[in-house]
Amino acid sequence: MGNFKAGFARLDVTPPLGVNIAGYYSQRIADGILDNLYASSVAVSDGTNTAVALSLDIIGVPKDKMDAYRKLIAEKNSIPFEAVFIACTHTHTGPVMDSKLFSEDPEYNAYLGRKLCDAAALAIAYLKPATLSIGRSKAQGISFVRRFRMKDGKIQTNPGVGNPNILEPIGTPDETVQLVRIQRENAEEISLVNFQVHPDVIGGTKFSADYPKFVRDTLERALDNVRCIYFNGAQGDTNHINVFTTPDRANKGYEHSKHMGRCIAGAVLQVYGKTEPVKADIVSFGQNNIEVPSNRADKSKILEAEKIIALHEAGRDDEIPYKGMELTTVVAEAYRIKRLENGPDSFTLPLTAIRFGDVCIAGVPGEPFTDIGRGIKEGSPFEMTIVCCCANGYEGYFPMQSAYDEGGYEARSSKFKPGVAEAIIKGSVELLMKIKT
0 MGNFKAGFAR LDVTPPLGVN IAGYYSQRIA DGILDNLYAS SVAVSDGTNT AVALSLDIIG
60 VPKDKMDAYR KLIAEKNSIP FEAVFIACTH THTGPVMDSK LFSEDPEYNA YLGRKLCDAA
120 ALAIAYLKPA TLSIGRSKAQ GISFVRRFRM KDGKIQTNPG VGNPNILEPI GTPDETVQLV
180 RIQRENAEEI SLVNFQVHPD VIGGTKFSAD YPKFVRDTLE RALDNVRCIY FNGAQGDTNH
240 INVFTTPDRA NKGYEHSKHM GRCIAGAVLQ VYGKTEPVKA DIVSFGQNNI EVPSNRADKS
300 KILEAEKIIA LHEAGRDDEI PYKGMELTTV VAEAYRIKRL ENGPDSFTLP LTAIRFGDVC
360 IAGVPGEPFT DIGRGIKEGS PFEMTIVCCC ANGYEGYFPM QSAYDEGGYE ARSSKFKPGV
420 AEAIIKGSVE LLMKIKT
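237 is the number that numbering that gives the first Met the number 0 gives to position 238 of the sequence shown; each next residue is one higher, with no gaps.
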């Protein structure tokens, strides 16, 4: 083994009961725990540069808080700010981390920062000489595109299981499972696993990491002396719902979450003994801040948006002439219009990456559509590129240009003008090229 080293740690970050649960436009208050939430951390070092990547069982953390967490971790561990990478799995049964819709818990936010710092410090403390190998597999039948063209020509997100008005899905899911094996000298092996689908399988008012928990648990039980860290990929237009079935067979709930996690872990196990060695040498990192224009609405739409928000917040959704996901779309669009009324002309998006050997972890600060992940991976100069959603910030949806033309929930709620997805792909690939040299 050369100078390359790796370390791992995982700490419990479950909040207290009574805090708001994130993920929906209706309030949910945590009243129980199905399973604990964790921060998993992997540290890498080449003897000169050290970096740490964390995966957090939370829906997403705004950039200002992420910057504060990254700064704290960097200072406490004497590493550069850009060497700290924090990605959220995007579970919909974790705490609120901003107050746009429902209040956050400032005490928990501070506690989380300390726990993230500890997880990073422990991973660095446990650095051991290591080698790298990679593998790819498929997890089929658990991820589905959630945008559909309806028979009336409209585009709808989550139109409902068995909806007779569905014409066709728009796009295809990326069913690729990526594995990085980090085999350490006289220490537990680390498995980095990457897949891409929304962790919104369970719902309800109890904390859960959703299917990523069962990816980790299944692998760690099936393999001796192995620890797993899961990074969720470009999942913005996919979920677990197969609309082409009947409502009584709809896939949802805790048991289906287990099934999904086990399917992903099973795909990993199929290739675990067949991974191909890759270089484990240089550790480098970087950040490319790109400017993207704001999707501010015409002022003529503000009054109507205010009316919709007022009805929604008064619990009078029945007076808004839409139902189901169409209602959610209209409400989300209204909030977007109102928030951007006096907002900036543009936003800064931090595109981030950590490279170790011929493997790279690339972060997008929100919910990228599947084709963003494909574009970054296809343009990357590395043997394996792990694309992560909700990384080092959370800025909402990043739809493809075509989605703006088509319409639907993601594009109508996005605070960015068309072209943001293509700018993210271009900016990410430029960053990866830079840290490769």
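For every residue, glycine included, the Cβ atom is placed at its ideal position computed from N, Cα and C. In this text, all values refer to a predicted model and were calculated from it rather than measured experimentally.
Between the Cα of residue i and those of the options, spot the shortest distance and give me the residue it belongs to.
i	options	result
ALA296	PRO380, ALA410, ALA186	ALA410
ILE240	ILE360, ASN162, ARG373	ASN162
LYS416	LYS425, ASP317, ASP404	ASP404
ALA422	LYS433, GLY406, MET399	MET399
ASP34	ASP56, GLU188, SER25, SER40	ASP56
VAL277	LEU178, ALA352, VAL330, THR328	LEU178
GLY17	PHE84, GLU103, ILE307, MET259	GLU103
SER132	GLY272, TYR68, ILE371	GLY272
SER256	CYS387, LYS153, HIS91, ALA352	HIS91
THR459	ALA331, SER283, MET383	The requested residue 459 does not occur in the structure, where the chain is confined to residues 0 to 436.
SER299	VAL242, GLY235, GLU340, SER40	GLU340
LEU222	TYR110, GLU187, GLN234	GLU187
Nearest-angstrom Cα distance between residue i and residue j?
i	j	result
LYS62	ASN391	6 Å
ARG145	SER77	43 Å
GLU305	ALA333	7 Å
GLU303	GLY202	30 Å
SER427	LEU350	6 Å
PRO376	PRO168	A small correction: the amino acid at residue 376 is Lys; Pro does not occupy that position in the sequence shown. Straight-line Cα distance between these residues: approximately 23 Å.
GLN269	VAL196	20 Å
ASN238	SER44	35 Å
TYR454	LYS212	Since the first residue of the chain shown is 0 and the last is 436, residue 454 is not available in this structure.
ARG135	THR274	8 Å
PHE355	PRO364	21 Å
LEU191	CYS227	6 Å
ARG338	PRO380	38 Å
Which word fits residue i, buried or exposed, when buried means at least 16 other C-beta atoms lie within 10 angstroms of its C-beta?
i	result
ALA279	buried
ARG261	buried
ASP344	exposed
THR347	exposed
GLY6	buried
PRO172	buried
GLY418	exposed
TYR321	exposed
ALA8	buried
SER207	buried
SER98	exposed
THR327	buried
SER25	exposed
MET96	buried
LEU36	buried
GLU394	buried
Could you spell out where the alpha helix (DSSP H) holding residue i opens and where it closes?
i	result
SER98	Where SER98 is concerned, there is no enclosing alpha helix (DSSP H), given that its DSSP letter is neither H nor E.
GLU312	301 to 312
TYR229	Unbroken run through TYR229 is the beta strand (DSSP E), 225 to 231; no alpha helix (DSSP H).
ALA333	323 to 338
THR245	Careful: THR245 lies outside any alpha helix (DSSP H) and carries neither H nor E.
THR217	210 to 221
LYS435	419 to 435
PRO105	105 to 124
GLY378	369 to 378
From what residue to what residue does the beta strand (DSSP E) around residue i run?
i	result
PRO128	127 to 137
VAL51	49 to 55
THR286	Checking the sequence shown, residue 286 turns out to be Gln, not Thr. Taken as a continuous stretch (DSSP letters only), the beta strand (DSSP E) holding GLN286 covers 282 to 292.
ARG146	146 to 149
ARG183	175 to 183
ASP34	That residue, ASP34, is in no beta strand (DSSP E); it is neither H nor E in DSSP.
ILE385	383 to 387
LYS4	4 to 11
GLY362	358 to 362
Establish whether the CB of residue i and some CB of chain B are separated by less than 9 Å.
i	result
VAL18	The structure shown contains no chain B; it holds only a single protein chain.
(message) Assess contact between the segment 64 to 77 and the segment 140 to 157, defined as three or more Cβ pairs (one per stretch) separated by less than 8 Å. Is contact present?
(response) no
(message) Three Cβ pairs or more, each shorter than 8 Å: is that satisfied between the segment 125 to 140 and the segment 181 to 200?
(response) yes
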